[in-house]
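In my numbering, the protein residues as written are 12 to 126.
Notes follow the structure.
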(Lines of atoms letter the chains of each structure in order from A; the text may use other names.)
(Lines give C-alpha, C1' and ligand atoms only; values in the text may rest on other atoms or scores of the structure.)
Protein backbone atom coordinates (compact mmCIF):
# COMPACT_ATOMS: atom_id res chain seq x y z
CA UNK A 12 0.00 0.00 0.00
CA UNK A 13 2.91 2.33 0.70
CA UNK A 14 5.97 2.84 -1.45
CA UNK A 15 8.39 3.81 1.31
CA UNK A 16 11.78 2.05 1.25
CA UNK A 17 12.56 3.09 4.83
CA UNK A 18 9.17 2.86 6.54
CA UNK A 19 9.58 3.03 10.30
CA UNK A 20 7.22 3.29 13.23
CA UNK A 21 8.56 6.82 13.83
CA UNK A 22 7.70 7.85 10.27
CA UNK A 23 4.19 6.41 10.60
CA UNK A 24 3.72 8.09 13.99
CA UNK A 25 4.85 11.43 12.54
CA UNK A 26 2.52 10.96 9.56
CA UNK A 27 -0.52 10.10 11.68
CA UNK A 28 0.38 12.98 14.01
CA UNK A 29 0.44 15.29 10.98
CA UNK A 30 3.96 16.45 11.74
CA UNK A 31 4.73 19.22 9.23
CA UNK A 32 6.67 17.99 6.22
CA UNK A 33 5.96 14.31 6.85
CA UNK A 34 4.79 12.68 3.65
CA UNK A 35 4.27 9.13 2.46
CA UNK A 36 4.29 7.84 -1.08
CA UNK A 37 1.65 5.27 -1.90
CA UNK A 38 1.84 2.23 -4.12
CA UNK A 39 -1.78 1.05 -3.90
CA UNK A 40 -4.14 3.94 -3.18
CA UNK A 41 -7.29 1.83 -2.92
CA UNK A 42 -5.73 -0.32 -0.22
CA UNK A 43 -4.40 2.68 1.67
CA UNK A 44 -7.76 4.50 1.74
CA UNK A 45 -9.46 1.26 2.82
CA UNK A 46 -7.02 1.09 5.74
CA UNK A 47 -7.60 4.75 6.66
CA UNK A 48 -11.37 4.35 6.53
CA UNK A 49 -11.14 1.30 8.79
CA UNK A 50 -8.98 3.24 11.25
CA UNK A 51 -11.64 5.94 11.22
CA UNK A 52 -14.41 3.39 11.81
CA UNK A 53 -12.43 2.04 14.77
CA UNK A 54 -11.96 5.62 16.10
CA UNK A 55 -8.18 5.58 15.75
CA UNK A 56 -8.19 8.59 13.43
CA UNK A 57 -10.62 11.45 12.92
CA UNK A 58 -13.48 11.47 10.45
CA UNK A 59 -11.84 14.28 8.47
CA UNK A 60 -8.74 12.32 7.45
CA UNK A 61 -9.31 12.93 3.74
CA UNK A 62 -9.35 16.70 4.19
CA UNK A 63 -6.32 16.64 6.48
CA UNK A 64 -4.26 14.56 4.05
CA UNK A 65 -5.18 16.74 1.09
CA UNK A 66 -4.83 20.05 2.96
CA UNK A 67 -1.38 19.19 4.30
CA UNK A 68 -0.24 17.43 1.11
CA UNK A 69 0.75 14.39 3.16
CA UNK A 70 0.39 11.76 0.45
CA UNK A 71 2.52 11.59 -2.68
CA UNK A 72 1.59 9.92 -5.96
CA UNK A 73 3.22 6.63 -6.76
CA UNK A 74 4.40 7.71 -10.19
CA UNK A 75 6.20 11.01 -9.77
CA UNK A 76 6.07 11.74 -6.05
CA UNK A 77 3.96 14.89 -6.28
CA UNK A 78 1.22 15.57 -3.70
CA UNK A 79 -2.07 13.95 -4.65
CA UNK A 80 -4.69 16.14 -6.23
CA UNK A 81 -7.57 17.39 -4.11
CA UNK A 82 -10.60 15.17 -4.46
CA UNK A 83 -8.67 12.01 -5.36
CA UNK A 84 -9.21 10.13 -2.09
CA UNK A 85 -13.00 9.89 -2.24
CA UNK A 86 -13.09 8.24 -5.70
CA UNK A 87 -10.31 5.89 -4.61
CA UNK A 88 -12.38 4.90 -1.59
CA UNK A 89 -15.43 4.25 -3.77
CA UNK A 90 -13.27 2.08 -6.03
CA UNK A 91 -11.93 0.19 -3.01
CA UNK A 92 -15.45 -0.55 -1.77
CA UNK A 93 -16.36 -2.09 -5.13
CA UNK A 94 -13.15 -4.06 -5.60
CA UNK A 95 -13.17 -7.83 -5.31
CA UNK A 96 -9.65 -8.32 -6.63
CA UNK A 97 -7.33 -10.80 -4.96
CA UNK A 98 -5.05 -7.93 -4.00
CA UNK A 99 -7.87 -6.05 -2.26
CA UNK A 100 -9.06 -9.21 -0.50
CA UNK A 101 -5.54 -9.66 0.86
CA UNK A 102 -5.47 -6.01 1.95
CA UNK A 103 -8.79 -6.43 3.78
CA UNK A 104 -7.50 -9.56 5.51
CA UNK A 105 -4.35 -7.71 6.63
CA UNK A 106 -6.41 -4.74 7.84
CA UNK A 107 -8.58 -7.10 9.86
CA UNK A 108 -5.53 -8.62 11.54
CA UNK A 109 -4.09 -5.17 12.23
CA UNK A 110 -7.34 -3.97 13.80
CA UNK A 111 -7.48 -7.07 15.96
CA UNK A 112 -4.07 -6.17 17.37
CA UNK A 113 -4.92 -2.46 17.67
CA UNK A 114 -7.99 -3.25 19.77
CA UNK A 115 -5.62 -4.61 22.41
CA UNK A 116 -3.94 -1.19 22.76
CA UNK A 117 -5.27 1.93 24.48
CA UNK A 118 -6.73 4.46 22.05
CA UNK A 119 -5.11 7.85 21.74
CA UNK A 120 -6.72 10.65 19.81
CA UNK A 121 -4.51 12.65 17.52
CA UNK A 122 -6.31 15.62 16.03
CA UNK A 123 -4.00 18.12 14.36
CA UNK A 124 -4.37 21.87 14.30
CA UNK A 125 -5.00 22.82 10.66
CA UNK A 126 -4.62 26.56 11.18
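All residues carry an ideal CB built from backbone N, CA and C; glycine is no exception.
Would residue 70 and residue 64 qualify as a contact pair, given that the criterion is a beta-carbon distance under 7 Å?
Position 59 of the chain shown, counted from the start, is the residue given in the question as residue 70. Position 53 of the chain shown, counted from the start, is the residue given in the question as residue 64. In contact: residue 70 and residue 64 (Cβ atoms closer than 7 Å).
Helix, strand or coil for residue 116, going by three-state DSSP, please let me know.
By one-based count along the chain shown, residue 116 stands at place 105. Coil.
Could you name each continuous alpha helix (DSSP H) segment of 4 residues or more that falls completely within the segment 36-100, going from the start of the chain to the end?
Whole alpha helix (DSSP H) segments, 4+ residues: 40-52, 60-66 and 84-93.
Assign residue 107 to one of three DSSP states: helix, strand, or coil.
As a working mapping, residue 107 is identified with position 96 in the chain shown. In this structure, residue 107 counts as helix in the three-state DSSP scheme.
Give the range of the alpha helix (DSSP H) segment to which residue 20 is assigned.
Locating residue 20 in the chain shown gives position 9, where the first residue counts as 1. Element bounds for residue 20: 20-27.
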